[in-house]
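Residue numbers (our numbering), protein chains in the order written: chain A, 1 to 126; chain B, 1001 to 1395. Shown next, in structure tokens, is the structure this report addresses.
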Ligand SMILES: Cc1cc2nc3c(=O)[nH]c(=O)nc-3n(C[C@H](O)[C@H](O)[C@H](O)COP(=O)(O)OP(=O)(O)OC[C@H]3O[C@@H](n4cnc5c(N)ncnc54)[C@H](O)[C@@H]3O)c2cc1C
């Protein structure tokens, strides 16, 4: 297996928005924004996320560990440290890592029972 | 003026007139006598972890950091005498050196023992009483400046008044607690769905010495936490996914490190009403609050006791706590949930947020009037009262 580090250390996404409403069994069908982080390096990744809003000061840093050669997925809805972010508001995020990682951003909207799902790459910054 | 005093969560701030730090019982007695002469008021601070103004004063605030340590222990009865300012973590360690242990702790261990007793601090376990359930004797300086000594054997009713007494009956200068032989414990954490948890709830509560769960309102998942003496209790749960396993002395593995600050409201409701009350709150949180609330809710069980103002007075109980980041608004959330707790006969945790005043509290406590009678006898001048205590006690 190649040891080559894949990805970048800095990423951003600008289309954050988690609907307040959800339908269906949770957690599978909860409306959410999810980040998926792939760390192909031999070192654990420490990810720092700062979130920006249309109104109010940025909130952060949310710290997430992704072990060496692992992928980790988490819903932004679930983060509480340093504080929970409100649902139903527009936001954006900048993600910084100590090692190169690949970041994908997935939105799930179950505000009505017909599931809507959209996945995209976060924007690489370095 | 002394420096501003801030509680753990930062939601409570005040500037006392003076902060005193006595190092023995005689110094406490002198403080009370002087306060009486000068018609001043005293409040006693523990570690400042309560989030209601129990210790608020613009007059004399007494800290007890210098009254800390184990005085003596009796090997036969396993009773231990300690000074009131000892922290839960310190007592845990000091006891294990003597082959002993407390029967339980709360979720954290940085309260002072007298402070933890003051509000009826509890852990979880259907057969385990709250922490002041350990109290078998004490010395205190009352509001007349008298040194008093009471024991469970000689003064059972007075001990029941003192067990949870909000620092309103006097200043504890020595506490005698009933401990147990120290044993090694296993602590496990599992993750599953709330529906699965509720299906297995009775079994989880009754087959484990200590069991509690956190429910996460933004995803309906739960964390189950089990703690048992080695080799006892449930293990390898088939219906949940194990995420943590620890072994050690109880004081080492039970309390958690809480760096992220929060505000909290917690009510004790009759044990049988626990599931229905929880489900009603869960529905309400999902319908109305989770736009702003992601913090978990906390479900525990506690055995009945006799303490006059213990929230578990004569009833096995479930406690349900709602939490919010301390930097976010909590009042709208807590005010909306509180009537649900009340509808189930809930009694609030004395150290956490709640809105009830004396007229609403009195019907919840069968021994309320007896407590007030004893308070009057112990502190006729109200030297240990502040505005908040007057409001909640109705004196
Ligand atoms: C992070 C965190 C976690 C918590 N976890 C739990 C938990 O798991 N279970 C639970 O039940 N509670 C819990 N609590 C609440 C906490 O245990 C109580 O508020 C407790 O009373 C705090 O103890 P303290 O030493 O900080 O005392 P303080 O809050 O400073 O004082 C509490 C009361 O005790 C009185 N007092 C203190 N010393 C004396 C004395 N020597 N003589 C007479 N009266 C005295 C005070 O006057 C006051 O009325 C938690 C709180 C926090 C902040």
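Using N, Cα and C, we set each Cβ at its ideal position, and we do this for glycine too. Bear in mind that the values here come from a model prediction, so they are computed numbers and not experimental data.
Just the Cα atoms here: how many angstroms apart are residue i and residue j?
i	j	result
residue 67 of chain A	residue 73 of chain A	12 Å
residue 1213 of chain B	residue 91 of chain A	32 Å
residue 1048 of chain B	residue 15 of chain A	42 Å
residue 1368 of chain B	residue 1167 of chain B	16 Å
residue 1079 of chain B	residue 1327 of chain B	42 Å
residue 1291 of chain B	residue 88 of chain A	7 Å
residue 1122 of chain B	residue 1130 of chain B	4 Å
residue 1259 of chain B	residue 45 of chain A	22 Å
residue 1314 of chain B	residue 47 of chain A	50 Å
residue 1229 of chain B	residue 1208 of chain B	9 Å
residue 17 of chain A	residue 33 of chain A	7 Å
residue 1040 of chain B	residue 1389 of chain B	16 Å
residue 1142 of chain B	residue 1337 of chain B	38 Å
residue 36 of chain A	residue 1074 of chain B	58 Å
residue 1200 of chain B	residue 1124 of chain B	17 Å
Using 8 Å as the limit for Cβ to Cβ distance, is residue i near chain A?
i	result
residue 1344 of chain B	no
residue 1293 of chain B	yes
residue 1385 of chain B	no
residue 1219 of chain B	yes
residue 1325 of chain B	yes
residue 1332 of chain B	no
residue 1216 of chain B	yes
residue 1328 of chain B	yes
residue 1258 of chain B	no
residue 1284 of chain B	no
residue 1225 of chain B	no
residue 1290 of chain B	yes
Using 8 Å as the limit for Cβ to Cβ distance, is residue i near chain B?
i	result
residue 87 of chain A	yes
residue 61 of chain A	no
residue 66 of chain A	no
residue 26 of chain A	yes
residue 84 of chain A	yes
residue 33 of chain A	no
residue 109 of chain A	no
residue 30 of chain A	yes
residue 15 of chain A	no
residue 72 of chain A	no
residue 20 of chain A	yes
Using only the heavy atoms of ligand 1, determine whether one of them is closer than 7 Å to the beta carbon of residue i.
i	result
residue 14 of chain A	no
residue 1171 of chain B	yes
residue 1112 of chain B	yes
residue 1122 of chain B	yes
residue 1295 of chain B	no
residue 1064 of chain B	yes
residue 1103 of chain B	no
residue 1044 of chain B	yes
residue 1313 of chain B	no
residue 1092 of chain B	no
residue 1009 of chain B	yes
residue 1166 of chain B	yes
residue 1352 of chain B	yes
residue 1032 of chain B	no
residue 1084 of chain B	yes
residue 1401 of chain B	Not covered by the structure: residue 1401 of chain B. The range shown for chain B is 1001 to 1395.
residue 1050 of chain B	yes
residue 1330 of chain B	no
residue 1225 of chain B	no
Run the CB neighbour count on residue i, radius 10 Å, all protein chains shown included, and call it buried at 16 or more, exposed below.
i	result
residue 1009 of chain B	buried
residue 1056 of chain B	buried
residue 1063 of chain B	buried
residue 1077 of chain B	exposed
residue 1289 of chain B	buried
residue 107 of chain A	buried
residue 1379 of chain B	buried
residue 24 of chain A	exposed
residue 1241 of chain B	exposed
residue 1173 of chain B	buried
residue 1324 of chain B	buried
residue 1330 of chain B	buried
residue 118 of chain A	exposed
residue 1294 of chain B	buried
residue 1352 of chain B	buried
residue 1024 of chain B	exposed
Cβ of residue i within 7 Å of any heavy atom in ligand 3?
i	result
residue 99 of chain A	No copy of ligand 3 occurs in the structure displayed; its ligands are ligand 1 alone.
**Study point:** Segments assigned alpha helix (DSSP H), at least 4 residues, entirely inside the segment 1260-1300 of chain B
**Key:** Listed in chain order, they are 1274-1284.
Practice item. Give, in chain order, every unbroken run of the beta strand (DSSP E) that is at least 3 residues long and sits entirely within the segment 1312-1348 of chain B. Key: 1317-1325
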